[in-house]
Amino acid sequence: MGRKKNGLTAIAAAMGISATLAQAQSQAPVGLDTVTDFKSAVTQGVLTNPRVVSQWYNFEATREAERGARGGYLPSVDLYSEWGREERETPLIDLGDYSRDATRFTITQMLFDGFATRDQVASLGYAKLSRYYDFKRASEEIALEAAVAYLDTVKFQNLVKFAEDNYIVHKNVYDKIEERTGGGVSQGVDLEQAAARVALAESNLVTEITNLHDVMTRFHRVVGSLPGENLAMPSVPAGEIPELRETALEMAYQRSPVINAAIENLRSSQESLNATNAPMMPRLDLRYRNEVEHDTDGIDGRFDEEAIEVVVSYNLFRGGSDSARKREYYNLYNAAIEERKQACLNVRQEVTIAFNDVEALERQVEVLQRNLIAQDKTRRAYRDQFDIGQRTLLDLLDSQNEYFDTQRAHTSAVTDLAAAQARTLANMGLLLAAMDMDGLNAEKIAELDLDFSRDGDDENAQALCPQGAPLPASVDRDALFARLNASADPAASAASAAALAGLAAGSDRYRTVGEDMVSLEVDVQFEFNSSVISSAYDDEIARAAEALRDNAGIRATVEGHTDSSGEDNYNQWLSERRANAVRDMLINEHGISADQLVAIGRGEGSPIASNATAEGRARNRRVELVLDVAQ
């Protein structure tokens, strides 16, 4: 007995360490602010994250580059001054050495440069817009990262609470079993089983605390501050998401900063390619020149010269550099075309996946919410029945674990749904707008009055994204079941097949359910809204396992069933859980090969009794083994 107490003491000590760790993780270090609401987390991330700020500086740098290129339209004003000693000797006279100086003042106005300045200004103007969309992309991405970090923190804060509650329940059960064991009511093996379950609950708690620490660290990196305690579940503005995926894609093609940045980069590449024609054309300048020199050519005195002139220059050969540069920019232009295509493909993929996740998770949350309520009722009923000796330890702990798993699944689905909604909006370029946030330097951007207009006849200014998207995934259960039946193990022996086929004749446990198909009725029934297998059915499952071991070459399908209570989607989900519960027990506790068993749910569609009575509904909450004897 002392040995058991030592084990429990170790568990309790570990629990104390875990509680201390949880408290430490939930408190911010002194001097660091915490963020306590969803919008503040997203806003702070967008305004302070280095990725966003660096993209702003890239945008500003390109704006200055455009200003520099526009300088090519304005005159160039230059002043030259020189002084030196010269020595001059001609066939007629030796002037000796002397000092001279000269000052030149010129104003040069470009009249024609092969359109180089025009094309360079246009290229940098589009590059400026591309950097702007890169800045917007970084803002949307950081907003999404901050939103997901907040949601993950909410999730794991709740999961830690669930794990703590789960541990407490297991500890209370352990205490009750310990009292019964001391009084001779329960067996020692029950106490060992309870201690093992407490240890598992402790392990789950430590795991959740570690996960919470990890997401808090990510939150700190993205947002710049630590999250507060007990964060509230936020509401993502999902009303901005269209009902149809085609509409969502069309909006994404128009609003996505990823696609718009690729379009402006392509337009910039086109203008840069055009600029490579300039070196192959003459250059024409208008120049005013005023020169003042002293002692020029050894002749004492001041020399003044003033002129207005037109200067023409035309390069005839530069070693093939201009042609090579033109080919270089042509390849860069083609690369920009492919980058635009890739941007469309990426956005289509991300929006389609996120949109499908939203639809799937909405259904999943609805089902899990109903299941959570049902599991809580079952858990409470089992606890009351355990106290009066009508339920075993395993029944009680199994119901608690199933409730704990459903809590975790429901919370994960709720936060995952919000994250999918945020991801859909971000990929459409609408997350900041949907949250009524302006982003970094919004007022300054408004003052710039950027020109986002595009020529409708210019293909380079269009997204040209492919239409259509993959259809949402769906499961045809009847077709799946037919395919599973068709894949029977060809190695099944003729003797096993014949033996099973003969079982259906005159048997109340085996019945023919189709050509070469025999159903083995497994007398395992479930409580209402539950997939927990009562220990009262251990012998029945053992007999089913024996039948499977005797016919190892036969493929078996575990079919779960429900009564008609509840909606179709929920009953389908519950029947699948019942089938998997039996399959897992056959594999884990009776050594049946996983390759021999497939689990599917039949929902409420195959009753064997009337659902009009309580007895009939109880019979319909069952599982069956369907054995394929086809050769």
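Letter by letter, the sequence shown follows residues -24 to -1, 1 to 607 in mature numbering (1 follows the signal peptide of the UniProt record, and there is no 0).
Even glycine gets a Cβ: it sits at the ideal position worked out from N, Cα and C.
*What three-state label does DSSP hand residue 203 in the structure shown?*
Taking the sequence shown and counting its residues from 1, one reaches residue 203 at position 227. Reduced to three states, the DSSP call for residue 203 is strand.
*For residue 587, collect the residues of the same chain with a Cβ closer than 7 Å to its Cβ; drop the 5 residues on either side in sequence, then sort them by chain order.*
Numbered from 1 along the sequence shown, position 611 holds the residue referred to as residue 587. Hits under 7 Å: 539, 540, 593 and 596.
*Residue closest to residue 534, alpha-carbon to alpha-carbon, out of 212, 518 and 551*: Within the sequence shown, residue 534 is the residue found at index 558, counting from 1. Closest option to residue 534, Cα to Cα, is 551.
_For residue 113, the nearest candidate out of 101, 232, 95 and 359 (CA to CA)_ = Locating residue 113 in the sequence shown gives position 137, where the first residue counts as 1. The residue with the shortest Cα to Cα distance from residue 113 is 232.
*asked:* Could you pull the DSSP bridge partners for residue 94 from this structure?
replied: On the sequence shown, residue 94 is found 118 positions in, with the first residue counted as 1. DSSP output for residue 94 lists no bridge partner at all.
*Look at residue 224 and residue 402 and say whether their C-beta atoms are less than 8 Å apart.*
As a first step, residue 224 must be located in the sequence shown, where it is residue number 248. As a first step, residue 402 must be located in the sequence shown, where it is residue number 426. Against a cut-off of 8 Å, the Cβ pair of residue 402 and residue 224 comes out as no contact.
*Cα separation between residue 390 and residue 341?*
Taking the first residue of the sequence shown as 1, we reach residue 390 at position 414. Taking the first residue of the sequence shown as 1, we reach residue 341 at position 365. Answer to the nearest angstrom: the Cα atoms are 6 Å apart.
_Taking the alpha-carbon of residue 284 as reference, which of 261, 291, 116 and 505 has the nearest alpha-carbon?_
Counting from 1 along the sequence shown, the entry for residue 284 is found at position 308. The shortest C-alpha separation from residue 284 is found at 261.
_Under 7 Å: does the beta carbon of residue 580 sit that close to some heavy atom of the ligand FAD?_
Among the components modelled here there is no ligand, and therefore nothing to report on the ligand FAD.
*Contact set for residue 123: own chain, Cβ-Cβ below 6 Å, skip 5 residues either direction*: Walking along the sequence shown from the start, residue 123 turns up at place 147. Closer than 6 Å at the Cβ level, and outside the excluded window around residue 123, lie 18 and 398.
_Taking the beta strand (DSSP E) that residue 391 belongs to, which residues open and close that run?_
Residue 391 sits at position 415 when you count from the first residue of the sequence shown. Residue 391 -> not in any beta strand (DSSP E); alpha helix (DSSP H) instead, spanning 369 to 403.
*How many Å lie between residue 50 and residue 282 at the Cα?*
Working through the sequence shown from its first residue, we reach residue 50 at position 74. Working through the sequence shown from its first residue, we reach residue 282 at position 306. Going from the Cα of residue 50 to the Cα of residue 282 covers about 22 Å.
*Reduced DSSP secondary structure (H/G/I, E/B, other) of residue 561*: What you label residue 561 is simply residue 585 of the sequence shown in a count that begins at 1. Helix at residue 561.
*Look up residue 188 in the DSSP assignment and say whether it is helix, strand or coil.*
If you number the sequence shown from 1, residue 188 lands on position 212. Three-state DSSP puts residue 188 in a helix.
*Beta carbon of residue 507, beta carbon of residue 554: below 8 Å?*
Numbered from 1 along the sequence shown, position 531 holds the residue referred to as residue 507. Numbered from 1 along the sequence shown, position 578 holds the residue referred to as residue 554. A contact, by the Cβ cut-off of 8 Å.
*Does DSSP put residue 277 in a helix, a strand or coil?*
Counted from its first residue, the sequence shown places residue 277 at position 301. Residue 277 falls in the coil class under three-state DSSP.
*If you compare alpha carbons, which of 566, 548, 409 and 536 is closest to residue 519?*
In the sequence shown, residue 519 corresponds to position 543, counting from 1. Closest by alpha carbon: 566.
*CB residue 226 to CB residue 410, shorter than 8 Å?*
Mapped onto the sequence shown, residue 226 falls at position 250. Mapped onto the sequence shown, residue 410 falls at position 434. Not a contact, by the Cβ cut-off of 8 Å.
*Going by beta carbon distance, what residues of the same chain come within less than 7 Å of residue 153, once the five residues before and after it are set aside?*
Position 177 of the sequence shown, counted from the start, is the residue given in the question as residue 153. So the qualifying residues of the chain are 162, 166, 167, 170 and 369.
*Since I believe residue 128 is in contact with residue 31 (beta carbons under 8 Å), could you give me their beta-carbon distance rounded to a whole number of angstroms?*
Taking the sequence shown and counting its residues from 1, the one referred to as residue 31 is at position 55. Taking the sequence shown and counting its residues from 1, the one referred to as residue 128 is at position 152. Actually they are not in contact, since the Cβ atoms of residue 31 and residue 128 sit about 25 Å apart, beyond 8 Å.
_residue 242 vs residue 436 beta-carbon contact at 8 Å_ = As a working note, residue 242 is residue 266 in the sequence shown. As a working note, residue 436 is residue 460 in the sequence shown. Closer than 8 Å, so yes.
*Beta carbon of residue 142, beta carbon of residue 180: below 8 Å?*
On the sequence shown, residue 142 is found 166 positions in, with the first residue counted as 1. On the sequence shown, residue 180 is found 204 positions in, with the first residue counted as 1. Their beta carbons are under 8 Å apart, which means residue 142 touches residue 180 by this criterion.
*Within this structure, are the beta carbons of residue 568 and residue 601 separated by less than 8 Å?*
One-based indexing of the sequence shown puts residue 568 at position 592. One-based indexing of the sequence shown puts residue 601 at position 625. In this structure, residue 601 does not lie closer than 8 Å to residue 568 by Cβ.
*Can you tell me whether residue 420 is buried or exposed, with buried defined as 16 or more other CB within 10 angstroms of its CB?*
Position 444 of the sequence shown, counted from the first residue, corresponds to residue 420. It counts as exposed.
*Consult DSSP for residue 168 and reduce its assignment to one of helix, strand or coil.*
On the sequence shown, position 192 is the one that residue 168 refers to. Helix.
_Under 8 Å, with one C-beta from each stretch per pair, do the segment 350 to 367 and the segment 91 to 103 reach the 3-pair mark?_
no
*Could you have a look at residue 358 and say whether DSSP puts it in helix, strand or coil?*
Along the sequence shown, read from residue 1 onward, the residue named residue 358 stands at position 382. Reduced to three states, the DSSP call for residue 358 is helix.
_Runs of 3 residues minimum, wholly inside the segment 555 to 604: which ones carry the beta strand (DSSP E) assignment?_
573 to 577 and 598 to 604
_Endpoints, the beta strand (DSSP E) within which residue 262 is located_ = Counting from 1 along the sequence shown, the entry for residue 262 is found at position 286. Residues 259 to 270.
*asked:* I'd like to know whether the C-beta atoms of residue 87 and residue 426 end up nearer to each other than 8 Å.
replied: As a first step, residue 87 is located in the sequence shown; it is residue number 111 there, counting from the start. As a first step, residue 426 is located in the sequence shown; it is residue number 450 there, counting from the start. Going by C-beta atoms, residue 87 is not nearer than 8 Å to residue 426.
*asked:* By the DSSP assignment, the beta strand (DSSP E) with residue 65 in it spans what residues?
replied: Numbered from 1 along the sequence shown, position 89 holds the residue referred to as residue 65. Taken as a continuous stretch (DSSP letters only), the beta strand (DSSP E) holding residue 65 covers 52 to 65.
*Roughly how many angstroms lie between the CA atoms of residue 182 and residue 248, to the nearest whole one?*
Along the sequence shown, one-based indexing puts residue 182 at 206. Along the sequence shown, one-based indexing puts residue 248 at 272. When rounded, the distance between both Cα atoms is 58 Å.
_If the criterion is Cβ atoms closer than 8 Å, does the pair residue 505 and residue 343 meet it?_
Along the sequence shown, one-based indexing puts residue 505 at 529. Along the sequence shown, one-based indexing puts residue 343 at 367. In this structure, residue 343 does not lie closer than 8 Å to residue 505 by Cβ.
*Over what stretch of residues does the beta strand (DSSP E) that includes residue 87 continue unbroken?*
In the sequence shown, residue 87 corresponds to position 111, counting from 1. Unbroken beta strand (DSSP E) run through residue 87: 70 to 88.
*Among all the DSSP beta bridges, which residues are the ones paired with residue 284?*
As a working note, residue 284 is residue 308 in the sequence shown. Partner(s): 264.
*Using three-state DSSP, classify residue 501 as helix, strand or coil.*
On the sequence shown, residue 501 is found 525 positions in, with the first residue counted as 1. Here residue 501 sits in strand by DSSP.
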